[in-house]
Amino acid sequence: MSADPDPQPVVELTDSQWREKLTPQEYAVLRQAGTEPPFTGEYYETETEGVYRCRACGAELFRSTEKFTSHCGWPSFFDPAASEAVILRPDNSLGMSRTEVLCASCHSHLGHLFVGEGYPTPTDQRYCINSVCLDLEPTEA
1 MSADPDPQPV
11 VELTDSQWRE
21 KLTPQEYAVL
31 RQAGTEPPFT
41 GEYYETETEG
51 VYRCRACGAE
61 LFRSTEKFTS
71 HCGWPSFFDP
81 AASEAVILRP
91 DNSLGMSRTE
101 VLCASCHSHL
111 GHLFVGEGYP
121 TPTDQRYCIN
131 SVCLDLEPTE
141 A
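Read in our numbering, the sequence shown has 38 at position 38, and its numbers run on one by one without any break.
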């Protein structure tokens with residue numbers, strides 16, 4: 001995870017370019033820090049092996065080997081594909097204290113990180129990520 005809270009994005013587009021590139025739902029979540037309704041995302045229950053990439057810029061974010069079932073309503077991962085793939089930043093919106101997860105390449109909102117919930121994972125972390133932020137690249141058999 002990136003230690004610098006505001007490194008420069010690698011992929012920089014104007015707001016109108018993002019609106020052109022993304023669907024309205026993708027834009028609302030990725031660029032405006034929205035969220036998709038729980039239990040509705042295409043990757044919530046998938047067990048397909050592969051790499052999860054940022055839907056906005058294509059950067060590798062997570063792998064299926066770090067995905068687990070948390071029953072929270074969104075895809076959950078216990079670690080990113082690489083420590084520098086995501087940026088973590090404090091999020092005190094909605095009267096809660098959380099940690100926002102952003103794509104390090106384009107600074108798109110992905111979801112939130114929760115720690116210490118007791119899930120049986122190697123890191124005791126849950127990256128709760130919106131499906132609409134991800135594209136799954138299946139592993140070739």
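Positions of the beta carbon are idealized from the N, C-alpha and C atoms, including for glycine.
Values in this document were obtained by computation on a predicted structure and should not be read as measured data.
Measuring alpha carbon to alpha carbon, tell me which residue in the options is nearest residue i.
i	options	result
Thr139	Val132, His107, Phe77 and Tyr52	Tyr52
Val101	Gln125, Val115 and Ile129	Ile129
Ser70	Phe39, Thr99 and Val11	Phe39
His109	Gly95, Leu61 and Phe68	Leu61
Thr35	Pro122, Thr23, Trp74 and Ser83	Trp74
Pro37	Cys72, Gly50, Glu20 and Arg63	Cys72
Once you ignore the five residues that flank residue i on each side, which residues in its own chain have a CB closer than 7 Å to its CB?
i	result
Ala115	Residue 115 is actually Val in this sequence, not Ala. Contacts found: Asp124 and Gln125.
Gly41	Trp74, Pro75, Asn130, Ser131 and Val132
Ala85	Ala59, Glu60, Leu61 and Ala104
Out of curiosity, what's the CA-to-CA distance linking residue i and residue j?
i	j	result
Phe77	Leu136	14 Å
Trp18	Arg98	26 Å
Glu47	Phe68	9 Å
Leu113	Ser16	29 Å
Ala28	Cys106	15 Å
Leu134	Thr14	21 Å
Gln25	Val132	8 Å
Arg31	Pro122	31 Å
Arg152	Tyr43	The question about residue 152 has no answer here: the residues shown for the chain are numbered 1 through 141.
Lys21	Glu49	27 Å
Gly111	Tyr127	7 Å
Going along the chain, which residues of its own chain have a beta-carbon closer than 8 Å to the beta-carbon of residue i, five neighbours each way excluded?
i	result
Glu66	Phe77, Phe78, Asp79, Pro80 and Ala81
Is residue i buried or exposed, if buried means 16 or more other CB atoms sit within 10 Å of its CB?
i	result
Pro120	exposed
Gly118	exposed
Gly94	According to the sequence shown, residue 94 is Leu rather than Gly. Looking at its Cβ environment, which holds fewer than 16 other Cβ atoms inside 10 Å, Leu94 is exposed.
Ser83	exposed
Val10	exposed
Sorted by chain position, which residues of the same chain lie with C-beta nearer than 6 Å to residue i's C-beta, five sequence neighbours on each side aside?
i	result
Ala33	His109
Cys57	Val11, Ser105 and Cys106
Asp91	Arg98 and Glu100
Arg63	Val51 and Ala81
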